[in-house]
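Read the structure below first, then the notes.
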């Protein structure tokens, strides 16, 4: 099983971060074992905030293996940016399962909820064009600190999540199944992020747990997440 992480700044991470991708790699190692899976993708870098570009390889754990660092994520990139490139990435990486966390940056800077939902549908179609049997696990948008003071933005986040759930229901097929994760259990932007948006260590664990538990419950992949959650 070949996993491809797709996401925005919450997924690529910045210099010094462990990233939720790292937490998920640890989970896959523990549950699927050596040789039972692969992590794929065209990129490996973290975002370097000083350079303003994805140039860093300074992960929180320097022993994070290079092959497991692969991803398709970008700082400031959303459904709008990933829909045109996902087919090539899936084809080149021979990805079987996409773990997708997108949407917040779209709603915050680029597109409204309706257009963002259409871009998500285009993304799904493009991924399937590259692999008709690809599976996808999608994380709803987690409203960030802006939503606490910007009611229209908060409403757009809620509306997009409704539209995303509808897209999953409409487009799910036996040959290319789609899953929507629940909001990560216990996720609190005031304690699980370092700035009201981007996950800190506990947030990374909670994001990984949302994907891991959904994979296990729906498809029997791996096991329940056993990482070091703050609530444990």
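In the working numbering, the protein residues as written are 7 to 238.
By construction, the Cβ of each residue, glycine as well, lies at the ideal position given by its N, Cα and C atoms.
Computed from a predicted structure; not experimentally measured.
query                                                                                                               : result
Sequence-distant residues of the same chain with beta carbon closer than 6 Å to residue 137, five excluded per side : 96
Buried/exposed call for residue 45, threshold 16 Cβ in 10 Å                                                         : buried
Supposed contact pair residue 233 and residue 33 - C-beta distance, whole angstroms, cut 8 Å                        : 6 Å
Assumed close pair residue 17, residue 77 - CB separation to whole angstroms, cut-off 8 Å                           : 7 Å
8 Å contact criterion, which residue 20 and residue 52 should meet: CB distance rounded                             : 6 Å
For residue 79 and residue 50, believed in contact at Cβ under 8 Å, the rounded distance                            : The Cβ separation is near 10 Å, so there is no contact.
Contacting residues, own chain, Cβ-Cβ under 6 Å from residue 31 (five flanking each side not counted)               : 74
Those runs of the beta strand (DSSP E) which lie wholly inside the stretch 30-100 and span at least 3 residues      : 44-46, 52-54 and 59-62
Rounded straight-line distance, which links the Cα of residue 227 to that of residue 7                              : 10 Å
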